[in-house]
Amino acid sequence: MRILGIETSCDETAAAVVALDDAGAPQILSNVVFSQIEEHTAFGGVVPEIAARAHVEALDGIIEAALSEAGVELSQVDGIAATAGPGLIGGLIVGLMTAKAMAAASGKPLLPVNHLEGHALTARLTDDVAFPYLLLLVSGGHTQVILVRGVGDYQRWASTIDDALGEAFDKTAKLLGLPYPGGPNVERQAALGDAKRFAFPRPLRGEDRLDFSFSGLKTAVRQTASAIAPLSDTDIADICAGFQRAITETLAERVGRSLEKFRTLYPQVERPALVVAGGVAANKAIRATLDELCPRHEMRLVAPPIALCTDNAAMIAWAGIERMRAGLESADAQSFAPRSRWPLDEDAAPIIGSGK
Ligand code: ATP
Ligand code: MG
Ligand code: FE
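Position one of the sequence shown corresponds to residue 2 (UniProt numbering), numbered consecutively onward.
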C-alpha cells in the first residue's frame, strides 16, 4: 500500500509518500517539507493570508517533488491523504481542495486526515508501539494528553486551560526580543543561563486535575523582564533558563499524574508507552525530563525523530494508511469541508455517509 500525504495546516507546505511493504512494515519513500518561516519572521509570527498564498504557490511543486523522490507516479498510489483540520482555514482549503481534485481526476480514494491524528500516530510509523498508549502532544497550537486506544479512538485527558506550550515559548521569545520561531531560540539561550537566578511559578502544581496552564508563567517572565530592563545578554539567558526549568518541572508534575492514571487503568499493558509529539518535543531539556519521568512509572518514552515531530506530510500519509488499513475510509470524503477547529476526541474522521 502506498499513500500520498499533503500537509498545509500552518506554515509548512509538505507532501510525502509512505508505503507499507509486503511484510506490513512502513517505509517513508519521500518526505518533502517547505518551511515558510522566512516569509513570517518579519511579522514575529505566522500571518494567515501570507501562509495561504505561499501554500498556493508552493504546493504543486512540492507534490511533484515528493512523487518523483519516491519514484512513483500518481497512478501508482493507493490513496491521497490530506490534512482537513485543525489549522488555518486558508491553508487547509488549499491542501484539501488540491487533494480532492487529484483524487477525482485519478479515481484514487481521498482520505481527509485530522492533523492531530497525524501527530498521534507518528510513533507507530517509526517505532513498535501498540495500543493503548498515552500521547503527550506539545505543539504551537496544542498541549494535550490523549489516551490513544486505537485508530480513530481517542480520549482527551488533559488540555491547556490557556496558552499552548509552544505558544508560551514563542511569546516569551518575543518579549525578550528573540526572533521567531521562539522555541529553539529560548532553548539555545537557556543552555547559556543560570536557571536559579529567577524563580518563576509552577502553574497548577499539586492540583488533582490533569490539565496544564502556561499564561501565568509568561506573565511572570514579562514582569521580571520589565523590572530589570534594559536586558543584558546574561539577563536574557538567565530568564530563558528559569523559564525552561519552570516548564520542565511543571511538565514532570502534570504529566506524572496522567502516567499514574494510565498505569492504574491499564496495569496489564506490555511495554506501556508515553509517546511525545509536536514541535516542542524537539526541546532537549523537555525530552530529558520525560526520559527521566517515564521509568518512575514503569513506562517507556517513545519520541519520534525531530523531523517527524514537527509538521510534515509523512505523518499525514501514515494516518491515511492507518485509516485505510482499519477500514475507516469515508464513502463521502469529497464533500468533507475543512475544519479550522477539530478536537481529536470529538470525531477523529468523517463518519461514513454523514455528509460532513
Ligand atoms: P499544531 O500542531 O498545534 O497545529 P504547529 O503545527 O504550529 O501547531 P508545530 O509545528 O508542531 O506546531 O510546532 C511548532 C512549535 O514548536 C512552535 O511553537 C515552536 O516554538 C515550538 N518549538 C520548536 N522547537 C522547539 C524547541 N527546541 N523548544 C521549544 N519549543 C520548540
Ligand atoms: Mg508549524
Ligand atoms: Fe502540528
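For glycine and all other residues, C-beta sits at the position ideal for the given N, C-alpha and C.
Computed from a predicted structure; not experimentally measured.
Helix or strand or just coil, what does DSSP make of residue i?
| i | result |
| --- | --- |
| Glu-261 | helix |
| residue 1 | Past the boundaries of the shown model lies residue 1; the chain is included only from 2 to 357, so the question cannot be answered. |
| Thr-14 | strand |
| Ile-63 | helix |
| Glu-8 | strand |
| Asn-313 | coil |
| Gln-156 | strand |
| Val-187 | helix |
| Gln-145 | strand |
| Thr-251 | helix |
| Gln-37 | coil |
| Val-19 | strand |
| Arg-198 | coil |
| Ser-31 | strand |
| Arg-150 | strand |
| Phe-337 | coil |
| Arg-223 | helix |
| Arg-125 | helix |
| Arg-203 | coil |
| Thr-235 | helix |
| Met-2 | coil |
Please state if the CB of residue j and the CB of residue i are separated by a distance shorter than 8 Å.
| i | j | result |
| --- | --- | --- |
| Gly-341 | Gly-88 | First, the residue type needs correcting, since residue 341 is Ser and not Gly in the sequence shown. Against a cut-off of 8 Å, the Cβ pair of Gly-88 and Ser-341 comes out as a contact. |
| Asp-79 | His-41 | no |
| Phe-215 | Thr-161 | yes |
| Asp-171 | Gly-153 | no |
| Ile-7 | Gly-96 | yes |
| His-116 | Gly-92 | no |
| Ala-304 | Val-277 | yes |
| Val-33 | Ala-15 | yes |
| Ala-247 | Pro-202 | yes |
| Gly-321 | Ile-4 | yes |
| Ala-282 | Val-139 | yes |
| Ala-159 | Ala-191 | no |
| Gln-245 | Glu-188 | yes |
| Val-149 | Leu-137 | no |
| Leu-226 | Ile-240 | In the sequence under discussion, the amino acid at residue 226 is Ala, which differs from the Leu named in the question. In this structure, Ile-240 lies closer than 8 Å to Ala-226 by Cβ. |
| Met-325 | Met-2 | yes |
| Asp-164 | Lys-219 | yes |
| Ala-71 | Ser-31 | yes |
| Leu-309 | Thr-123 | yes |
| Lys-101 | Gln-335 | yes |
| Val-114 | Ala-274 | no |
| Arg-255 | Phe-199 | no |
| Val-222 | Thr-265 | no |
| Arg-35 | Ile-63 | Position check: residue 35 holds Phe in this sequence, whereas Arg was assumed. Contact: yes. |
| Arg-206 | Thr-251 | yes |
| Ile-90 | Pro-339 | yes |
| Leu-21 | Glu-330 | no |
At what residues does the beta strand (DSSP E) containing residue i begin and finish?
| i | result |
| --- | --- |
| Gly-86 | 80–86 |
| Leu-112 | 111–115 |
| Val-139 | 134–139 |
From the options, pick the residue whose C-alpha is nearest to that of residue i; which is it?
| i | options | result |
| --- | --- | --- |
| Glu-263 | Cys-11, Phe-132, Gly-45, Arg-246 | According to the sequence shown, residue 263 is Phe rather than Glu. Here the closest residue by C-alpha is Phe-132. |
| His-143 | Asp-333, Ala-286, Gly-280 | Gly-280 |
| Pro-27 | Ala-67, Val-33, Val-19 | Val-19 |
| Glu-120 | Met-2, Pro-268, Asp-164, Gly-86 | Rather than Glu, the amino acid found at residue 120 in this sequence is His. Among Met-2, Pro-268, Asp-164, Gly-86, the Cα nearest to that of His-120 is on Gly-86. |
| Lys-17 | Glu-50, Ala-165, Ser-69 | Looking at the sequence provided, one finds Ala at residue 17 rather than Lys. Of the listed residues, the one whose Cα sits closest to Ala-17 is Ser-69. |
| Glu-118 | Thr-84, Arg-223, Asp-236 | Thr-84 |
| Gly-45 | Asp-163, Gly-178, Asp-22, Met-325 | Gly-178 |
| Pro-204 | Cys-295, Ala-169, Asp-234, Asp-236 | Ala-169 |
| Tyr-181 | Arg-326, Ala-43, Glu-347, Ala-334 | Ala-43 |
| Gln-156 | Gly-167, Leu-135, Lys-175 | Leu-135 |
| residue 365 | Ile-94, Leu-30, Ala-334, Ala-165 | Because the chain is modelled from 2 through 357, residue 365 falls outside the range shown and cannot be assessed. |
| Glu-74 | Lys-101, Pro-49, Ser-107, Val-47 | Ser-107 |
| Lys-197 | Tyr-267, Trp-319, Arg-125, Thr-235 | Thr-235 |
| Pro-296 | Ala-286, Glu-261, Asp-312 | Glu-261 |
| Ile-307 | Met-103, Thr-127, Leu-211 | Thr-127 |
| Met-300 | Asp-312, Trp-319, Ala-67, Arg-272 | Arg-272 |
| Tyr-267 | His-298, Glu-50, Gly-194 | His-298 |
May I ask which residues mark the beginning and end of the alpha helix (DSSP H) holding residue i?
| i | result |
| --- | --- |
| Arg-210 | Segment: none, Arg-210 is in no alpha helix (DSSP H) and carries neither H nor E. |
| Glu-74 | Premise fails: Glu-74 is in no alpha helix (DSSP H) and is neither H nor E. |
| Arg-98 | Checking the sequence shown, residue 98 turns out to be Met, not Arg. Residues 90–107. |
| Phe-215 | Neither: Phe-215 is in no alpha helix (DSSP H) and is coded neither H nor E. |
| Glu-347 | That residue, Glu-347, is in no alpha helix (DSSP H); it is neither H nor E in DSSP. |
| residue 377 | Residue coverage of the chain in this structure runs from 2 to 357, which leaves residue 377 outside it and unanswerable. |
Item to check | Minimum length 3: unbroken beta strand (DSSP E) runs contained in the region 264–311 | outcome: 274–278, 301–303
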